[in-house]
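Undergrad: Protein sequences, first through last, are from chains U and D. Positions 1 to 115 (the numbering used here) are the ones given, in order, by the first sequence. Positions 1001 to 1113 (the numbering used here) are the ones given, in order, by the second sequence. Note that the Cβ used here is the ideal one computed from N, Cα and C, for glycine as well.
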Amino acid sequence: GEEVAQTPKHLVRGEGQKAKLYCAPIKGHSYVFWYQQVLKNEFKFLISFQNENVFDETGMPKERFSAKCLPNSPCSLEIQATKLEDSAVYFCASKTVGTNTGELFFGEGSRLTVL
Amino acid sequence: DQQVKQNSPSLSVQEGRISILNCDYTNSMFDYFLWYKKYPAEGPTFLISISSIKDKNEDGRFTVFLNKSAKHLSLHIVPSQPGDSAVYFCAASAKVAGNQFYFGTGTSLTVIP
Chain U
1 GEEVAQTPKH LVRGEGQKAK LYCAPIKGHS YVFWYQQVLK NEFKFLISFQ
51 NENVFDETGM PKERFSAKCL PNSPCSLEIQ ATKLEDSAVY FCASKTVGTN
101 TGELFFGEGS RLTVL
Chain D
1001 DQQVKQNSPS LSVQEGRISI LNCDYTNSMF DYFLWYKKYP AEGPTFLISI
1051 SSIKDKNEDG RFTVFLNKSA KHLSLHIVPS QPGDSAVYFC AASAKVAGNQ
1101 FYFGTGTSLT VIP
């Protein structure tokens, strides 16, 4: 597609439940990023992929969070046993090149609310 | 540890005047900088970028200035229009740090008609 498509737009989970978010990058973009936006507008980097391979996972919490980008499927970000502090907007972004230049194209985000 | 900082959470400007949004960074390895614009309930959209080999980049009403010695960049919007009202984020990346982008916390711009 010509834009980054994220689903669902909104997700509500009870504490301890699983949450799974999906992202289809722009066609032809090899790099996919996940960011978490919490209070005060701060964007926290979580993980990036080059095609189906993890490129940089330095921002991923060690527990409960996992992500995949499998061939011919949307990328996914999964949170096991959600906690209140996981409430945030999760943005997916994609880009064509692996260098640090070039812009990121963002999806509209998935708002996760943990009650 | 916030490596990219936008110290003004909000800014109000009269339509037709200049809007100046500021951004400071701490990592001297950053060599590529971008500005994004974000409307509520939407993802950020790219506005303009600048490489560290330049000190100015212009695109229509938008100009980004980079002062490497001060580790400071600014976005100028001239003339400001009501449709420019949004949250503006600056972002930075470093070649040595792979392709991760570091974002500031945003400045909410309101252009008053």
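Do the region 79-91 of chain U and the region 32-39 of chain U meet, that is, are 3 or more Cβ pairs less than 8 Å apart?
TA: Segments in contact, yes.
Undergrad: Cutting at 6 Å between CB atoms, please list the residues of its own chain near residue 1087 (chain D), excluding the five before and the five after it.
TA: Residue numbering aside, residue 1087 (chain D) sits at position 87 when the second sequence is read from its first letter. Around residue 1087 (chain D): 1038, 1106 and 1108.
Undergrad: Out of D:1011, D:1023 and D:1082, which one is the CA nearest neighbour of residue 1090 (chain D)?
TA: In the second sequence, the residue the question calls residue 1090 (chain D) occupies position 90. That would be D:1023, whose Cα lies nearest to the Cα of residue 1090 (chain D).
Undergrad: Residues in the region 1016-1029 of chain D with C-beta within 8 Å of chain U's C-beta atoms, listed in sequence order?
TA: The region 1016-1029 of chain D vs chain U, Cβ under 8 Å: nothing.
Undergrad: Would residue 1040 (chain D) and residue 106 (chain U) qualify as a contact pair, given that the criterion is a beta-carbon distance under 8 Å?
TA: Counting from one through the second sequence, the residue named residue 1040 (chain D) turns up at place 40. Counting from one through the first sequence, the residue named residue 106 (chain U) turns up at place 106. Result no, Cβ atoms of residue 1040 (chain D) and residue 106 (chain U) do not sit closer than 8 Å.
Undergrad: If the cut is a Cβ gap below 7 Å, which residues of chain D does residue 104 (chain U) touch?
TA: Position 104 of the first sequence, counted from the start, is the residue given in the question as residue 104 (chain U). Result: 1101.
Undergrad: Residues of chain D with CB under 7 Å from residue 91 (chain U), in chain order?
TA: Here residue 91 (chain U) refers to the residue found at position 91 of the first sequence. Those within 7 Å of residue 91 (chain U) in chain D are 1043.
Undergrad: Quick check on this structure: which residue in D:1021, D:1112, D:1016 and D:1081 has the alpha carbon closest to the alpha carbon of residue 1065 (chain D)?
TA: Walking along the second sequence from the start, residue 1065 (chain D) turns up at place 65. When only C-alpha atoms are compared, the closest one is D:1021.
Undergrad: Residue 1087 (chain D) CB to nearest chain U CB: under 8 Å?
TA: Looking up residue 1087 (chain D) in the second sequence gives position 87. Residue 1087 (chain D) counts as touching chain U.
Undergrad: How would you label residue 80 (chain U), buried or exposed, when you count the other beta carbons within 10 angstroms and need 16 or more for buried?
TA: Translated into positions along the first sequence, residue 80 (chain U) becomes position 80. Per the 10 Å Cβ criterion, exposed.
Undergrad: Measure the C-alpha to C-alpha separation of residue 1101 (chain D) and residue 1052 (chain D) and round it to an integer number of angstroms.
TA: Within the second sequence, residue 1101 (chain D) is the residue found at index 101, counting from 1. Within the second sequence, residue 1052 (chain D) is the residue found at index 52, counting from 1. Answer to the nearest angstrom: the Cα atoms are 15 Å apart.
Undergrad: By DSSP, does residue 85 (chain U) sit in helix, in strand, or in coil?
TA: Walking along the first sequence from the start, residue 85 (chain U) turns up at place 85. Three-state DSSP puts residue 85 (chain U) in a helix.
Undergrad: Does the separation of the CB atoms of residue 39 (chain U) and residue 110 (chain U) fall below 8 Å?
TA: For the purposes of this step, residue 39 (chain U) is taken as residue 39 along the first sequence, with counting starting at 1. For the purposes of this step, residue 110 (chain U) is taken as residue 110 along the first sequence, with counting starting at 1. It is not a contact, given that the beta carbons lie outside the stated cut-off.
Undergrad: Nearest chain D C-beta to residue 107 (chain U) closer than 8 Å, yes or no?
TA: For this step, residue 107 (chain U) is matched to residue 107 along the first sequence. Closer than 8 Å to some Cβ of chain D, the Cβ of residue 107 (chain U) qualifies, so yes.
Undergrad: At a CB-CB cut-off below 8 Å, which residues of chain D make contact with residue 41 (chain U)?
TA: For the purposes of this step, residue 41 (chain U) is taken as residue 41 along the first sequence, with counting starting at 1. Neighbours of residue 41 (chain U) on chain D, chain order: 1087, 1089, 1105 and 1106.
Undergrad: Under three-state DSSP, which class holds residue 1109 (chain D)?
TA: What you label residue 1109 (chain D) is simply residue 109 of the second sequence in a count that begins at 1. DSSP places residue 1109 (chain D) in strand when its eight states are reduced to three.
Undergrad: For residue 1008 (chain D) and residue 83 (chain U), what's the separation of their Cα atoms in angstroms?
TA: For this step, residue 1008 (chain D) is matched to residue 8 along the second sequence. For this step, residue 83 (chain U) is matched to residue 83 along the first sequence. In a straight line, the C-alpha of residue 1008 (chain D) is about 31 Å away from that of residue 83 (chain U).
Undergrad: With distances taken Cα to Cα, identify the nearest neighbour of residue 9 (chain U) among U:16, U:20 and U:52.
TA: Against the first sequence, residue 9 (chain U) aligns to sequence position 9. The shortest Cα separation from residue 9 (chain U) among U:16, U:20 and U:52 belongs to U:20.
Undergrad: Need the endpoints of the beta strand (DSSP E) that residue 1056 (chain D) sits in, please.
TA: Within the second sequence, the letter at position 56 stands for residue 1056 (chain D). Unbroken beta strand (DSSP E) run through residue 1056 (chain D): 1056-1059.
Undergrad: Return the Cβ separation of residue 26 (chain U) and residue 94 (chain U) in integer angstroms, given the expectation that the two are a contact with Cβ distance under 8 Å.
TA: Position 26 of the first sequence holds residue 26 (chain U). Position 94 of the first sequence holds residue 94 (chain U). With a Cβ gap of about 5 Å, residue 26 (chain U) and residue 94 (chain U) count as contacting.
Undergrad: Using the Cα positions of residue 55 (chain U) and residue 74 (chain U), report the straight-line distance between them to the nearest angstrom.
TA: Looking up residue 55 (chain U) in the first sequence gives position 55. Looking up residue 74 (chain U) in the first sequence gives position 74. Distance between the alpha carbons of residue 55 (chain U) and residue 74 (chain U): 17 Å.
Undergrad: Beta carbons nearer than 8 Å to chain D: which residues of the region 29-55 of chain U have them?
TA: Result list: 31, 33, 35, 40, 41, 42, 43, 45, 48 and 55.
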